[in-house]
Amino acid sequence: GDDESVSNAGSNSRTDNGASATGPDAVSGNVTISGSSTVEPISIRVAELFEDIAPDVSVTVDGPGTGDGFKLFCNGETDISDASRPIKDMEKDSCFSNGINNIVELKVGIDGIAVMTNAANEAIECLSFEQLFALIGPSGEGTATWAEASPGLPDAPLEVFGPGEESGTFDSFLEIVFEDLAEEQGLEATTRTDYSPSGDDNVILQGIQSSDTSLGWVGFAFAGNASGVRLIPIDGGDGCVEPTPDSIASSRYPISRDLWIYVNADKAAANPAVSAYVDFYMTEGLRSAVGAVGYVPLTEAARSETRDRWASRTALD
Amino acid sequence: MTDTATDTARGTVVETTATTGTPHPLALGFRATAKTITPVEPEPAASGHTVLHTRNLNVDYGQFRAVRDVSFDVHQHEITALIGPSGCGKTTVLRCYNRMNDLIEGARVTGTIEYHGVDLYGEKVDAVEVRRRIGMVFQKPNPFPKSIYDNVAYGPRVAGQRKGLGEVVENSLVKAALWDEVKDRLSDSAFELSGGQQQRLCIARAIAVDPDVLLMDEPCSALDPIATARIEDLMQEIKQEYTIIIVTHNMQQAARVSDMTAFFTAEVHSENDNRTGILVECDHTDVIFSNPSDERTENYVTGRFG
Amino acid sequence: MTDTATDTARGTVVETTATTGTPHPLALGFRATAKTITPVEPEPAASGHTVLHTRNLNVDYGQFRAVRDVSFDVHQHEITALIGPSGCGKTTVLRCYNRMNDLIEGARVTGTIEYHGVDLYGEKVDAVEVRRRIGMVFQKPNPFPKSIYDNVAYGPRVAGQRKGLGEVVENSLVKAALWDEVKDRLSDSAFELSGGQQQRLCIARAIAVDPDVLLMDEPCSALDPIATARIEDLMQEIKQEYTIIIVTHNMQQAARVSDMTAFFTAEVHSENDNRTGILVECDHTDVIFSNPSDERTENYVTGRFG
Amino acid sequence: MVTRLIDSRSRSAIAASIQGRRIDTGGLLFRSLLQSALVLTLVILAVLLVSVFADGWSQIGGRLGEFLSGTLRSQSKDAELGVHQGIYGSLWIAVSVAVLAFPIGIGAAIYMEEYAPRNRFTSFIEVNIRNLAGVPSVVYGLLGLAMLVNGDIFGLDRLTGGRSTLSAGITLAVLVLPIVIITSGEALRAVPNSLREGAYGVGATRWEMIRTQALPYAAPGILTGTLLSMARAVGEAAPLILVGAVTGRLGDNPALLDLGALSERFTALPIVITSWTQQSGRDTGFAAAAAGAIVVLLVFVLIMNSAAIGLRNRFEKKRG
Amino acid sequence: MTDASLIGAATVTPDMLRIAAGRRFREVLVRYWLLLAALVSVVVSALILWSLLREAWTFITGVAWADTWGQQGWFPRRGLYDIPTIVVPTVIVTAIAMVVSGPLGLGAAIYLSEYAKPAVRSWVKPVLEILAGIPSVVLGFFALTWIAPNVVGRIGKPAFLVIGLAVMGLYTVVAAVMVRSRLKRYRDGSSDSSALIGVVGALAVLGAIFAGYLFWLLNVLGELAPARAGSLAAAGIGVGLLTIPLVASVSEDAMAAVPEHLREASAGLGARKMTTATTVVVPAAISGIVAALIVATSRAIGETMVVFMAGGAADAARFTDSPLDGGLTMTAAMASLASGTDNVVGEGLTFQSLYFVGLLLFVITLALNIAATRFVNRVREQY
Ligand SMILES: Nc1ncnc2c1ncn2[C@@H]1O[C@H](COP(=O)(O)OP(=O)(O)OP(=O)(O)O)[C@@H](O)[C@H]1O
Ligand SMILES: Nc1ncnc2c1ncn2[C@@H]1O[C@H](COP(=O)(O)OP(=O)(O)OP(=O)(O)O)[C@@H](O)[C@H]1O
Ligand SMILES: [Mg+2]
Ligand SMILES: [Mg+2]
């Protein structure tokens, strides 16, 4: 259904952007985007669709990571910064101190975080936050079996795979699942060190596939159609929920994070190419691009909210 | 004596000059030597037991025939010299006697070489064994990059000998008249020896495997007169035990050391100017140098060659 | 003639054998030639204008002193031969005259060499220009990998000459007695020439820059007798125009071609057995070969050396 | 001793001794071991080439034209997926190597072989060059990052445009510089001294000798070395990662000869291959794309190498 | 002209022995230009050192050294810079690479220089040299997509066991030979009791290494996990393939450079080809051969893309000493550090650690290259 969405993109966008003074096809210029490698595919996809209606606009997208993205963004080197987490205060401050004051924060999609085990591992029906913290958190340090880590779970060897600290998926997982529990238990909100971290999601999958009773987590977009692994329903307090696009979009599934882009409004004002690109992002992007690259699109309500933020150029303060 | 010498000399020179335009005192040199040896050495027993019996020997390198139809005999305990202009196939012939040519890609040897009556290229003959019996000394001294001791001991070791090496080494070095000069530094690298010493080391190395025949390819061409004299003396001594074939460019040397001399030359094929080596004649050394039966020999040894 | 030759020869040999154990027919060879030349050539005018005036020349290679205290004169239009055992410093001395040693790392030349009264190693003198006026012919023929024409034209070209090259090339080749053999193939590669022709080409190349002196380091040692004879004749001819210094191992050659002969030898230092070259004597060639004043010379030229 | 000699030399003994050849099993075993080592090596490398080619066929076989002119895309089935941007980067990396590394490298080699006096300083430079040749390529990447991208010294980033084709080119030029010096030096060392003396002997100055004799004679060797080093540079990826090659999307797709893009963000064939290989987990189609890119790179590199080796062998034959 | 030249020659003044000023000036000019070019290489190394040290120093002074040893692993984000975690995999990959490229490369080289017919040699050698140019990304891809599943995946564990033992056997042989040669020298009386000390010393050292290796082997075999898609073994084999042509062609050059007359001399003494090859050619070429091996080793240590793509770890890793695990080599760690983060940049010493590892790598390879040069020179002197 992707090719259709491209063609729609063409037609729709024309109507949508009819309002703006000049049609995108007349616009020309450069747009520089950097930041999260998770959001990167969305921005790229948007750029690819946009290119069809604005052939003279050249959009460069790079994905060193959210942090690196903000560094460049706050140096004024990029127009837009992709982020798999909200901007941190110290990052915001460094932006302001560099005279980049009008930053528009736009939520563009949702990425569930899927907790998985080997497809062969039927024993686990559902895991609660407590169990996850026990298995993966610092208290799990050195435990060799599920039971050892969290009584009640099967007495099977436990091998844990997950993203490295470089990745936003890692941070979000800690934030959502561990933070509160860690506080209660007076522990640090971090993972055990004796797990196999990897920046390459493939390696994580391969790890889980290679060991029968393994445990791990990656972005839903990546795990969604992976073979040889089983996505485990999660109990975030109100019952076990399977990760599906719906459950994630409706945020019934407890572990998910929002994906953002941060736009330098001043640059957008000065550079029609940027504003045209973001305009397009707000329409076709949110509608088809996000889904096309495997992420969960925003609900209609959330989309219009984002559009309004952009329309009004609501800046961070 | 200088006077007489001079007279005859001038005589010759004038004569030769007449023929070629440049004086060729060399000529004189030879004649003189050739004869002078006769009284010193006893005429060799030409009937001496034949060690290497060569008939209709041809050698081809791929398409190119290097040597054609060579036939002559080598007798025990004699020194046979192979002389001739460069490229006439001396080395090639020499290398046939220890099957060295087997190692050269595309070299083909035809005809018969009998070694003590055994066909050297026969079915059941093992080239490696042949090389042990028929040792070789090369034009350039080529010691191994090893100690003096290991150089001499190499052959016996290869042959599987393990005990009594020290003795073998000593005997060989003594025979090669090198022992006194190196006995205190056997473990030094052979490269620390002078050229002449290195060549004698190579002779010692060849002797160490107790061969029957020694093939020497211009063994002195890289040495100075003194070292050369040493080696020549050495050859005179060891010929009591070995049969020696020597290739040399230096006709005086041939005259000085050899009992028999074989003169090779190259016949040029007009169409492609390939040069094929042929044996002109093989005879007692003094005959070859004083009154050879073939004119080409005459021209060569008198330097009137070409 | 052979008979007389033989008698004397045998005489000599017996005598020499007494002293060294090996016959040295060479001895005879020299004497003969040396004398035979005398009638052919006129006594050179020893008073001829001095071209190269050498006094107390020392050459050191780093720590090692190769040549010590050499003094002799070279006169215009004469051929001066440098002879001596290998390693006695002939080449080293020769290379001082066109400052070739400047190119050798750590070579140091002390003493005086005056060229037509000008200090060759003086402040304002350019080695490059010296080498143009004092040409050199090397032991091994070393033509450039270029056409025959370009080989000869090379020197004039680097000297900046652009016009009239063809003429220069022809003259030089004619003088080098090579013109007739190559005039139809000037654009062929020099490597297609025979060794002897290559060496004459090198002489032509040296002549082409119109030098005043020619230095020749064993120019024939790599050549066969015929080629050698050619070069020797050539030297006789061109000495009318050039002053020539030749290094040779071949004493007969020295005897044949040179007017003056300088005999070098090496004195061995007992402590470290370094060998330093020294000039024993320099005199008219026939004197050196017939009755030299120094006994070492006598021993060397009679081959009774060492 | 002599007695032994006699009997050992009796006809029959001799005959016996050289006959009865035994087959030398040890030798044969040894030989076949060595042979299999060689064969195995060649087979593995053959498998490599074949498997890569097979993997990449769907791209280079099916849609070569589009593949060569296409760009980085987010999805492997995208009709405009291709390596043109990679080719642009690699091409200009090769060019900058030719422009920077060759003249400096050959010049340095000439100095070291023909001029440098034999002293402490010279041998220091020599050792230094040899060691530079052994420095891992990532380290050169760090150099490029500090110098050309972050402009930690001389503020060079203003000149190169930071993470740009130019920075990549310069970094790799520096990377191969020692190789160029060493290979050219070897070529010059092979020039027979008799040539030099011949030239000096007729009054050539040093530079005249070098220009007219040494360099022409060494030319093939030098050319070989330079071609090899250029191929090496084109194949390097690690330094480019540090210099900040783009793996996501490059806005424009410059024409091969578009100099303007030199100071823009860049990518190169090896980077494209790496990035696509990593994305092949998210989107398996990228494996084929990566293989296709590899084939393109190999054609690039192997042609250069073959030219170099062929050239050298031809001249080696000519000179015996 | 003759006469003219003669007259001229007869009266020579110093000025006549000078060349044109322009020509002399050009000489000087060229000389200094070339000197400048030669100095570039010095500048480059200076800059490398400078840029490495500048950041690395911040790390060295800033880091808590307790976190660089005996930690769980290499977690730069968490301030855990366990150096063994990145050094041990580097050693493993290099070792595997040399186990692959050493025997294959040398075997091929000896075959080519001693046995192969000229016809064969004349095409195989160039092919090898051309293949030496295969970029490392290619081998990275091959290691991940072919070697990992088809070699390591299938026969990983048994093969590792066999090779492990084979290496041990080979090592034993080599050690034995070394000791025997020392003993021989002692018995030859060619040297005094110091030789005996040499023997004992050699025995001690070799024994120690042997024991260490044995311990590691058994230990690893115990905890060997099933092979992953990416693993140190796969990367090691990839790097090995990368270095085979290097080893082969360099050491073949060395053996081809052994003068033919040495082979003839050996054959002339009744030696068979194998004997000649092993007792004359290889010893004579040993300096070149060792150089080839050391160069290959340092190339393997510095190789980045193969381990980055096929090593089975990125960003951070737990300590492992099992070839069948994924692991992070020094170079892979650098590549990961360079490819960015989602975290706030500028926190901690992460960026500096990149340069620290670079410095470490630089020092190691430098040491190796110097060792190589030293060794080669020493052997050269001997022969
Ligand atoms: N390995 C070889 N392959 C091809 N041709 C060869 C080979 N060895 C020698 N020849 C040719 O065979 C001919 C005879 O060579 P050989 O070396 O036997 O002559 P020679 O008499 O020993 O010369 P010299 O006196 O210079 O040693 C020469 O034309 C030479 O070119
Ligand atoms: N470039 C050099 N460096 C060091 N020593 C040298 C050099 N050239 C020659 N020698 C030494 O200087 C001494 C004289 O050498 P030279 O070549 O002048 O002797 P020669 O008389 O020419 O010998 P030959 O007759 O063999 O040519 C020898 O001991 C030689 O080892
Ligand atoms: Mg020969
Ligand atoms: Mg000399």
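Protein chains in written order, with my numbering: chain A, 6 to 322; chain B, 5 to 310; chain C, 5 to 310; chain D, 438 to 757; chain E, 98 to 480.
Heads up, the beta-carbon is just placed ideally off N, CA and C, and yes, glycines get one too.
Contact check for Cys-224(B) against Ile-235(B) passes: the beta carbons are separated by less than 9 angstroms. Proximity to Ile-108(A) across Gly-169(A), Ile-129(A), Pro-156(A), Phe-78(A) peaks at Phe-78(A), based on C-alpha coordinates. Inter-segment contact for the stretch 192 to 202 of chain A and the stretch 412 to 422 of chain E is present: three or more beta-carbon pairs are separated by less than 8 angstroms. When DSSP reads this structure, Ile-237(A) sits in no beta bridge, so it has no partner.
The three-state reading of DSSP puts Leu-518(D) in strand, counting E and B together. Spanning the alpha carbons of Val-185(E) and Thr-191(E) requires a straight line of approximately 10 angstroms.
Taking 8 angstroms as the cut-off, the C-beta of Gln-143(C) counts as close to a heavy atom of ligand 2. Taking the Cβ of Glu-299(B) as the reference point, every heavy atom of ligand 4 lies at 8 angstroms or farther away. Between the stretch 156 to 163 of chain C and the stretch 621 to 640 of chain D there are three or more inter-stretch CB-CB distances shorter than 8 angstroms, so the stretches are counted as touching. Rounded to whole angstroms, the Cβ separation of Asp-116(A) and Thr-43(A) is 6 angstroms, and the two are in contact under 8 angstroms. Less than 9 angstroms divides the Cβ of Arg-103(C) from the Cβ of Arg-135(C). Distances from the alpha-carbon of Gly-202(E) to those of Leu-470(D), Gly-722(D), Arg-600(D) put Leu-470(D) closest. Nearest in C-alpha terms to Phe-239(E), of all of Val-732(D), Pro-629(D), Asn-630(D), is Val-732(D).
Here the stretch 278 to 291 of chain C lies against the stretch 85 to 94 of chain C, with 3 or more beta-carbon pairs under 8 angstroms apart.
In the DSSP assignment, Leu-218(C) forms a beta bridge with Gly-139(C), Ile-248(C).
If only complete runs of 4 or more residues are kept, the stretch 141 to 199 of chain B shows the alpha helix (DSSP H) at 152 to 162, 169 to 179, 183 to 186, in order along the chain. As the crow flies, the alpha-carbon of Arg-99(B) is around 41 angstroms from that of Thr-340(E). With the criterion set as a beta carbon lying under 9 angstroms from some beta carbon of chain A, the members of the stretch 159 to 183 of chain E are Gln-168, Gln-169, Gly-170, Phe-172, Pro-173, Arg-174, Arg-175, Leu-177, in sequence order. Counting other Cβ atoms within 10 Å of its Cβ, Glu-184(A) stays below 16 and is therefore classed as exposed.
Around the beta carbon of Pro-29(A), a 10 Å sphere encloses 16 or more other beta carbons of the protein chains shown; the residue is thus reported as buried.
A direct Cα-to-Cα measurement between Asn-303(C) and Pro-296(C) gives close to 10 angstroms. In this chain, the beta strand (DSSP E) harbouring Lys-112(A) covers 108 to 123. Glu-170(A) sits buried, since 16 or more C-beta atoms from the chains shown fall within 10 Å of its C-beta. One residue list follows from the rule of a beta carbon closer than 5 angstroms to any heavy atom of ligand 1, given in chain order as Tyr-65(B), Ala-70(B), Ser-90(B), Gly-91(B), Cys-92(B), Gly-93(B), Lys-94(B), Thr-95(B), Thr-96(B), Ile-108(B). By a beta-carbon distance limit of 8 angstroms, Leu-291(A) contacts Leu-303(A). Their separation comes to about 6 angstroms. For Phe-267(C), the enclosing beta strand (DSSP E) covers residues 264 to 272.
Partner residues in the beta bridge of Thr-150(A), as assigned by DSSP, are Pro-162(A). A direct Cα-Cα distance of roughly 21 angstroms separates Tyr-101(C) from Pro-147(C).
Within the stretch 37 to 96 of chain A, the runs of beta strand (DSSP E) that reach at least 3 residues and sit entirely inside it are, in chain order, 62 to 66, 85 to 88. Three or more Cβ pairs drawn from the stretch 259 to 274 of chain B and the stretch 71 to 84 of chain B lie within less than 8 angstroms of each other, which places the two stretches in contact. Contact between the stretch 148 to 156 of chain C and the stretch 191 to 205 of chain C is established, with three or more Cβ pairs separated by less than 8 angstroms. With respect to chain B, the C-beta atom of Lys-214(E) has a partner C-beta closer than 9 angstroms.
Residues of chain E with a Cβ closer than 8 angstroms to the Cβ of Gly-173(A) are, in chain order, Asp-439. Judged by DSSP in its simplified three-state form, Leu-124(B) adopts coil rather than helix or strand. Neighbours of Ser-574(D) in chain E, taken as residues whose beta carbon is under 8 angstroms from its own, are Gly-399, Thr-401 in chain order. Put simply, of Pro-615(D), Gln-522(D), Asn-690(D), Ser-513(D) the residue whose alpha carbon is nearest the alpha carbon of Phe-539(D) is Pro-615(D).
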